[in-house]
Amino acid sequence: MHPIARSARISSLAVILGFATVQWAAASPLTVAPLTRISGASPFATCAFGASVPPVPGETLYVNAEEEPWLDVNPANANNMIAVWQQDRWSDGGAHGLVAGVTHDGGATWTRTFAHLSECAGGNAANGGNYERSSDPWVSFGPTGTAYQISLSFDANTARNGVLVSKSANGGDTWGEPISLIRDSGNRDVSYAFNDKESITADPTNSSYAYAVWDRFTTPSGTSLASIEGLIHSRSFREPVWFSRTTDGGATWEPARNIYDRSEFNGTIGNQIVVLPNGTLLDFFDEFFVHNNSNNQRGESISVIRSTDKGATWSARSTVIGASLERGAFDPDTGRPIRAEGGIPDVAVDRNSGKLYAVWQDSRFSGVDEVALSMSSDGGFTWTAPIKVNQTPRNATAADEQAFVPQVHVAADGSVAVTYYDFRNNDANPGVPTDAWIVHCTGNCANQASWSDEARLSSASFDIEQAPAARGPFGFFLGDYEGLSSIGNNFVTAFVQVNNGNAANRTDVFETRVSP
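Each residue of the sequence shown is one higher than the one before, counting from 657 in our numbering.
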């Protein structure tokens, strides 16, 4: 542990929490409303599904722990919002199920519902939700108020896994039975396919269309997820982009298909589709080439492919936005990994101008991960040089400058907000004080000087090392993404905070509104 010299004032609340120094953001024109906790007691607390048999050494179920929220606002009724999250996280991946927080009064009150996307959540062989765990929650509203929820559902005890979609016609109060977009199974010792990091986007220009996209890891000589890193460097693998769409408002979905597959030893992750005002689809992702391919491309980048016919066909080659140079978050004092390893970009579009914004974790600015942003003004064909947008102060040690899990969104007036976590309030005490922040831009957002309006979202610093532990070396986990949307010119966010000292309820999801 090291002492950290920084100018900071003492907060009585921080003293109560055990953190001696708290560094606040500079005065900001942003107004952050009081936080509302939207998660509650787990509806799956007594569920017996999901444990590995025999148990995996060190496997832990964190009952009442919520992770990885996503949020969307109903464009037909701004008082209606849905946030979805993982409920009861397992240390070796996935959760008991996915829960949806629903409000019909603009966030004043929230109820909780769930779709049948796992056995703990009512999935069975008859409705197609008979999987032991769920993960990677995502929700998207169509222009008339239809909501689509998607899940990566899988077994702890077999190689079965799939991507499931459920639809709500009443703002999230109830959910239809899941539709399976893809189901994979097999002997991991012979062949293996695992679907991962799915997302769903309802087309804002056409209520009949919605799009699901994900990566699909395949290898002729399979392995468990725990050893994929070693497999990548020793055997053949592919991790192409898979896609499915509905053209009838979610009544049916087209068969899933591969839309981007460059070569062996090529991987993609973090796929997310954005629809331009003219209806063009853009799929953003992190892609990597372990070896040089036929185009002599190697390394990792944030990239995009496009479709001008609602997903019927896609460009064969990607446009590179910028190199992806993430290092991964870590305890500034001990070097212990935090499960925020980067490689998951977030994207947003200005529905009026068509300007695009992409953010990701990147170490190019200081040697540790911070938030990189690039902008496109021509529909994603060309991109500005990445700039740093997080306002984390330069402290005595570079390790405290880390910022991670960025999200980006554009409000109705064209202003842009980015949210992230950082360690600026770290000190020499055990644990890592962590805070959530939002930064705002109203001018030329490709100019770093335009990013100065920052506000603190978290109610108090929390210790990320009391969050649920994630698989293998990846460390403590809040989510690979958090929720960020807008109502008019105001931003709405849903994010996870740790409940310090409460091992029976380690995390909760909180919502707040941020006004310029």
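The beta-carbon is built from N, C-alpha and C at its ideal position, and this holds for glycine as well.
Quick caveat: nothing in here was measured; it's all calculated off a predicted structure.
**Study point:** Range covered by the beta strand (DSSP E) that runs through G753
**Key:** 751-759
Check your understanding: Hey, would you say E775 sits closer than 8 Å to W746, going by beta carbons?
Key -> no
Point to revise | Nearest candidate by alpha-carbon position, reference N1145, set Q1063, D1006, R1112, T767 | key: D1006
Point to revise | Extent of the continuous beta strand (DSSP E) run through N817 | key: 817-824
Exercise for review: Please go through the same chain and pick out, in chain order, the residues whose beta-carbon is closer than 6 Å to the beta-carbon of L1140, but skip the five residues on each side of it.
Suggested key: Q1063, H1065, T1075, T1149
Practice item. Could you check how far apart the C-beta atoms of P1124 and R1162 are, in whole angstroms? I think they sit under 8 Å. Key: 6 Å
Exercise for review: List in chain order: all unbroken alpha helix (DSSP H) runs of 4+ residues lying wholly within the region 1075-1157.
Suggested key: none
Exercise for review: Return the Cβ separation of V869 and F899 in integer angstroms, given the expectation that the two are a contact with Cβ distance under 8 Å.
Suggested key: 5 Å
**Study point:** Three or more C-beta pairs below 8 Å linking the region 749-767 and the region 731-741
**Key:** yes
Review point. To which residues does DSSP link G978 through a beta bridge?
Key: I958
Point to revise | D1069, buried or exposed, once every other Cβ within 10 Å from all chains shown has been counted against 16 | key: exposed
Exercise for review: Have a look at F753 and F700 and give me their C-alpha separation to the nearest angstrom.
Suggested key: Note that residue 753 is Gly in the sequence shown, not Phe. In a straight line, the C-alpha of G753 is about 8 Å away from that of F700.
Exercise for review: Could you spell out where the beta strand (DSSP E) holding Y916 opens and where it closes?
Suggested key: 913-916
**Study point:** Helix, strand or coil at A985 according to DSSP, with G and I counted as helix
**Key:** coil
Practice item. Give, in chain order, every unbroken run of the beta strand (DSSP E) that is at least 3 residues long and sits entirely within the region 897-937. Key: 897-902, 913-916, 922-931
Review point. Is D725 near E1138, with beta carbons less than 8 Å apart?
Key: The sequence given here has Pro at residue 725, not Asp. Against a cut-off of 8 Å, the Cβ pair of E1138 and P725 comes out as a contact.
Practice item. State the DSSP-derived secondary structure class of A1055, mapped to helix, strand or coil. Key: helix
Practice item. Specify the secondary structure class of F810 as computed by DSSP and reduced to three states. Key: strand
Point to revise | N862 to R901 span [Cα, whole Å] | key: 13 Å
Point to revise | As assigned by DSSP and simplified to three states, the class of T767 | key: strand
Review point. Is DSSP giving V1064 helix, strand or coil here?
Key: strand
Point to revise | Beta-carbon proximity check, A1059 vs T1048, cutoff 8 Å | key: yes
Point to revise | Supposed contact pair F921 and F945 - C-beta distance, whole angstroms, cut 8 Å | key: 7 Å
Review point. Going by the beta-carbon positions, is the gap between Q1122 and I1043 smaller than 8 Å?
Key: no
Practice item. May I ask you to report which of helix, strand or coil DSSP gives N720? Key: strand
Exercise for review: Would you decide whether D761 is buried or exposed? Buried here means 16 or more other CB atoms lie within 10 Å of its CB.
Suggested key: exposed
Check your understanding: Of the choices I994, D1002, G955, whose alpha-carbon is the least far from that of I929?
Key -> D1002
Review point. What distance in whole Å lies between the Cβ atoms of G1010 and L938, which are believed to be in contact at a cut-off of 8 Å?
Key: Between G1010 and L938 the Cβ distance is about 11 Å, and since that is not below 8 Å, they are no contact.
Review point. If you count every other CB in all the chains shown that lies within 10 Å of the CB of D1034, and 16 or more means buried, which is it?
Key: exposed
Check your understanding: Using CA coordinates, which residue listed in T1040, I1000, P993, D1025 is at the minimum distance from Y1013?
Key -> T1040
**Study point:** Local conformation of Q1047 per DSSP, three classes
**Key:** coil
**Study point:** Pick from A968, P1172, N1082 that is closest to F986, judged by C-alpha positions
**Key:** N1082
Check your understanding: Among S791, T802, D989, T800, which residue has its Cα nearest to the Cα of S855?
Key -> S791
Check your understanding: Near G832, which residues of its chain fall below 6 Å by C-beta distance, leaving aside the five closest residues on each side in sequence?
Key -> S822, K823
Point to revise | Per DSSP, the bridge partner or partners of Y1013 | key: A1004, M1031
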